[in-house]
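Data first, discussion second: the structure below is written as structure tokens.
Protein chains in written order, with this note's numbering: chain A, 9 to 361; chain B, 9 to 361; chain C, 9 to 361; chain D, 9 to 361; chain E, 9 to 361.
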């Protein structure tokens, strides 16, 4: 998550400014038109070609890949009569998921796609928006790191699944469903990483997992922040009686709602597991400290008296009868051995060894 | 809880995929038909036999044991006009408990059964679903580790209890009641295990109980996740005025609601107890560390001065008058004894011994 | 709180099973009849005598002391047309407080009485239930460790207070009021015990108060669990417009509601105090550890250099000029004294002594 | 907060018992009568004089200073037809803030006044109640440690402010406003004390601030407990359409509501600050422990090898060539110096010095 | 945040008293008048000039810069018929954000502006209020540290943006939008500071970051306290059907609502990050302590036995055969070397080195 390259402060509201990370490539526009009989897929070269009319006898899906060029967004917006504040939200990568109904003309939906960045071990969020009109859908994606919409595109092409038989609302559902299913995929990966970490920590093999654990926790918090509002968004979408979303798609939206709930649950379980691992790590640290301290204490307790005794017989007093005794040395060695043994037995009994 | 063997990503919604742990055996289908006078119990060999008609003068209960074969679920679903998304939920072992009313045709209920796995010291969840129709009930169970429906089956057979006199809604209640009562059984076992652990920890006999405590905590968290939504599910079941659930069964459902509340309470008490035990464990660790450090300090404080003194008289200066004194050695020994005694008395007074 | 001697698993709902701790004595039945002019108090010998008719010109109060004999509860229940599930709740010592209205025939109330067990330092809960009919009240108590209903009984007998002038609903209120006032008594005792503990901990006299503190915390948690639902219960009792509870008793019920709120507040304050004490205990432990470590370090820092110096002059080199100096010994002793003093002054300045 | 001298257990509800700390003086009764033209202020000697009639053309304010004499409260109550349970609440110093509407006859309000006891460093709560009638107000105060009502009294006397022009409801508001403003004063004092403590803790000058910090936390918790319900109380007062509180006073009550919210905010900030200070204290303890341990380790690490070396040359073997070397002693001294230096440089590099 | 220089205690409500930090300069009054064609900007010298009439064909915006002079506020208030309690809130720098509708005459809005004080590393809050009338807006600002309203002023002047075409409600929105956008700016700075701190802590370079971390936490808490109520304020503003806020401005207010939600999210993420950093710091402390203790223990464990051995051969017994052996010294040295090596290998294997 790179910090924003520019800020919106002091601008007139509705001014289009891209605030996400810098992007090096151009925006691509793709138009898919289909109904039960017909299917066409075109890359658009000119901005003016992208106007869709809702009167045609087929569903039109315009996919805008890239939201960093204000001119593109503005043109697409003007051609379809989209409110400037909606365009602002499409470009504002910090916008939280929401749904907004603009009467019977269109519905605006924005949410996040996630990618698991293996290298950095972190989650990449991609700002995604949809404008659902009478007979068309416009989708806006942030970058181009692998298009997760491909399976739906191929289902349409191959004419499998129900997408070809249903309207633009079903297409919207299919794409949201894809995004949400992808959340569960990523959470599965996080779970796996956590289980690996857990194994290492319980075996005491990971010296300092705190940084890694906190990174994962942060990723999950970030994800939760963007997944949580999806529930309200979907409920709201079902509550409003918009003509654009037909009753027959309702069960499908309820289904996505369920999946979002599962994702939140999974996030929460993983967070709880993380907290548990942090505690276990500290417990391990404490136990080990205890064990180090015991070792030190036992060494000291055994060798301090012995060193004291040999010190005594190293004194240079003229009159020290023991020194003169022929077997004094051996008696002393024996005595020290007995003392050391006694101390070790004592510590064993106290449970320190 | 084994990780899912496959994932749903990219599939058309309503596609039936089993995501739970691998299962080695086939699905078994059992049909029980009964009314106050009549009782029959059959194992079905062919999928086509399993169609139930709600017009018959008796209650039909179809028990589908095994939800891993898409073909079976799909056939059962088609024969009874069940919505594909419901079938998806029946097979989706990650689905959370919920109730759904499909008009007057049927009610869909899904929840979890739990088993206490003694060997692993963990809770096994089994995905269970019910489809309640006009005069019939279809139950779906995940695996076959001991059928907990047996008591109800035997009550029906033996014609004891109210099941024989009541409708399919009462049968549904009886089965849910059984599942919920089983939660309380398992929680009783967890409580016992906790009390045993508590005894060991308080006696300081358990060296590293953190792993075990966190495992139990996780089990309880998992259980809570699946028990908590049951309350809403039951309330919702009572609120909706479905013809399929008669008013006479309401007090019984309210009763299960009470039991679910008891189960949640018990989970929460156990979790609080666990947190307490973790704290007690740390406190014990700290106390023991303190005791180790005190021992070390007393040893050092007593022997360091003594060793220093014997060091003095081990020096080789030509002119050291004490060394020449005939009783110097004995005076020195006496002095050291007095010093050691004094130090020990001092530490006793400070409460370190 | 002894574990239940038996469980309800697999039983038909409404089956009466006692799940509380074992009881060695029989159930006693007492019948009190009174109005403003009349008062009678009888022990019933036969179960069949306990039928109360609501038509009589006086209030009848049947007190059933003992809920462990299914036969007794069943008979009392049948004689007064009580629903089997209510009887189940009367015997289920794990049932949480609740109120249930069975039309105009009767109101069912269940809650917990508490006793403070001085010996074990824990709270004993007693399951108590009331069935309030048109002109009568039936009370069910778990055991017989001192009847806390005595004050109300004596007020009725002595004709003081408003009980004699009012209906069965006022009697119910009086008994609940008594139970709730008793909660406050017990909390007073817990507070006193806590203050005593606090004194000891702050004075550093209590070596390991963690076990005791957690026991108290558990007792308070348990109590909270059973007191918290009382608020809802009372509010619900006021909301429902039952004929059995007259408007004139409402202010009294609101008063009990206030007392319950006070009890919950007191529980929460005590719990917070407990958490504070646990923290203070750990702080004391840490401080003491710090002080132990400082002592050890000062000893080592002073004696290690000294012992090193005397070690130097204990070496046996042929050519060690200092040893030959006539006052070398005394200079060395003096030097060491100065060094030791210097080190002590240094540690004093660093604030370690 | 002294423990209650007596308890209410077993008493008939509505029985008047004083449960607060013992009081040594008598109750004083003051009557203030005023309208825009008229003002009179009298101390009442006889209980019977205290009856107020709401028919007079001026506002009557009866201030009862002392709530420990049941006879006084009872008489005042009977003269103005106050419900026995209200009188019970007036005397019950443990009663939480609340408002109660008794039809159009009177409104009962109870809340706490606070005093900051400098000597004990704790908050003293005083139980205060108001009975607002058609044209009169009766106030009840617990003790007599400085009457905080004085500013309002003087405003009435001096005819400044709006009190003289407005009704008894405005008088009630003025007194509550005074009490709430006083909360903010006390919180200011707590803030100052906290800032002083913070300074000491951050400078490491306060050896054991835990006791003091927990005392302050307890005071704030206590205060929160009594301030929190004020919000609901005020909202409720505005919601009920009582004739006794005129619409023109509503903005003023909303204003007090704002101040209460500010007070709660201030309590919460202070509590958070306290928690922060406790953590900082522990952090300081840990750092210091670390520093002590490092000192010890460096001493040991430097002197242990040196002492070992001098020990070697203190051995009495017949054949030890070094001892015979004329400059052996000086070489050894030099070697040890180099070793010590090397070790110190090493520890410096590891960042331990 | 300096403590208030005076307090409100004992004052009649509606009395204007400034409670914020002392201010050294005078209040400045600026009047901006504009419509699509017309624009004028004047500094007002006399208080009486500041009366605005809502009947003019242009929007009037009166900016009062300074709220510490009761006379100014009172005069402005009287000239525009503003309620005394509103004036009190304008001057009360402790007032929390709120919106109040005074019928159709005016709307009162108060909130906080924030500045990031680089020097002290803390957030400065400035109390800001707005009175929105039929065709005019009066804004009140606390101090004069850089006027953040400048961008809006310049947009009006330059006739860019929609402000010139819209009413006073749009102007109010623009100013609130500016303030909220500024929150996000400041949070960006806090984030940056946190990331810098994180880097230092993870690298173990920051010795005692606790004070700094707690300061940041407090700043965020303070900010949250003032940002949180903005959400309710804005929702309330949209709910009330005031003539003064036209429907066409609603989408813009919803947009600010979104930004406020983003700000709260950002505050919460930063707080969570802070908590994480505190934990990481403690973990680092613990690890380092562990490493120090291990070093000490290894030193002791190696040198204590060696020193004991050389002590043995420093004893002065007459009969010690080893001392007489010609190679005894070398054997001993060799033996000690082997022992030391063995011990080091042992500690390496235990993972202590």
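C-beta: ideal position from N, C-alpha, C; glycine also.
The structure presented is a predicted model; accordingly, all values stated were derived computationally and were not measured.
Secondary structure note for residue 236 of chain E: it is in no beta strand (DSSP E), and the uninterrupted alpha helix (DSSP H) holding it is 218-247.
At a cut-off of 8 Å, the C-beta of residue 56 of chain B has no neighbouring C-beta in chain C. Among the residues facing chain B, residue 303 of chain C is included, as its CB has a counterpart in that chain under 8 Å away.
One thing to note: residue 281 of chain A has its Cβ within 8 Å of the Cβ of residue 202 of chain A. Shown here, residue 328 of chain E sits in coil according to DSSP, grouped into three states, outside any helix or strand. For residue 343 of chain D, the number of other beta carbons within 10 angstroms of its own is below 16, and it is reported as exposed. DSSP places residue 163 of chain D inside the alpha helix (DSSP H), whose first and last residues are 158-166. Separation of residue 270 of chain A and residue 165 of chain A (C-alpha to C-alpha, rounded to the nearest whole angstrom) is 30 Å. Spanning the alpha carbons of residue 143 of chain D and residue 103 of chain D requires a straight line of approximately 26 Å.
The closest CA to that of residue 284 of chain C, considering only C:267, C:194 and C:222, is found on C:222.
Just so you know, the alpha carbons of residue 224 of chain E and residue 134 of chain E end up roughly 18 Å apart.
Beyond the five residues adjoining it in sequence on each side, residue 175 of chain C comes within less than 7 Å, by CB distance, of 67 and 254 in the same chain, given in chain order. Counting only runs of 3+ residues, the beta strand (DSSP E) found wholly inside the stretch 51-101 of chain C occupies 67-73, in chain order.
For residue 49 of chain A, the beta-bridge partners assigned by DSSP are A:40. The three-state reading of DSSP puts residue 312 of chain E in helix, counting H, G and I together.
A check of alpha carbon separations from residue 346 of chain A across A:325, A:313 and A:324 identifies A:313 as the nearest. By the Cβ test, the stretch 78-89 of chain A is not in contact with the stretch 199-219 of chain A, since fewer than three Cβ pairs between them sit closer than 8 Å. Per DSSP, the unbroken alpha helix (DSSP H) holding residue 184 of chain C starts and ends at 176-210. The beta-carbon distance between residue 241 of chain B and residue 275 of chain B, rounded to whole angstroms, is 17 Å. This is too long to meet the 8 Å contact definition. If you check each beta-carbon in the stretch 57-81 of chain C against every beta-carbon of chain B, none falls closer than 8 Å. Of all residues in the stretch 88-105 of chain D, only 91, 93, 96, 97, 102, 103 and 104 place a beta-carbon less than 8 Å from a beta-carbon of chain C. Contact between residue 309 of chain C and residue 351 of chain C holds: their C-beta atoms lie close to 6 Å from each other, under 8 Å. For residue 334 of chain E, the nearest beta carbon of chain D is closer than 8 Å to its own beta carbon.
Rounded to the nearest angstrom, the Cβ distance from residue 261 of chain B to residue 191 of chain B is 16 Å, too far for a contact under 8 Å. The CB of residue 275 of chain C never comes closer than 9 Å to any CB in chain D; the least such distance is about 12 Å. When C-beta distances to chain B are compared with 9 Å, the residues of the stretch 282-298 of chain C below that value are 286, 289, 290, 293, 294, 296 and 297, in chain order. Contact with chain C is absent for residue 243 of chain B, since none of that chain's Cβ atoms lies less than 8 Å from the residue's Cβ.
For residue 325 of chain C, the nearest beta carbon of chain D is closer than 8 Å to its own beta carbon.
Residues of the same chain with a CB within less than 6 Å of the CB of residue 214 of chain D, apart from the 5 flanking positions on each side, are 208 in chain order. By the Cβ criterion, the stretch 298-308 of chain C is in contact with the stretch 292-303 of chain D, since at least three pairs of Cβ atoms, one from each stretch, lie closer than 8 Å. Pairing residue 327 of chain A with residue 334 of chain B gives a Cβ-Cβ distance under 8 Å. Only residues of its own chain outside the window of five on either side were considered, and among them 66 have a CB closer than 6 Å to the CB of residue 46 of chain B, listed in chain order. Under the Cβ criterion of 8 Å, residue 314 of chain D is counted among the residues facing chain C. At a cut-off of 8 Å between C-beta atoms, residue 328 of chain B counts as an interface residue with respect to chain C.
Residues of the stretch 217-235 of chain D with a C-beta less than 8 Å from any C-beta of chain C: 218, 219, 222, 225, 226, 229, 230 and 233, listed in chain order.
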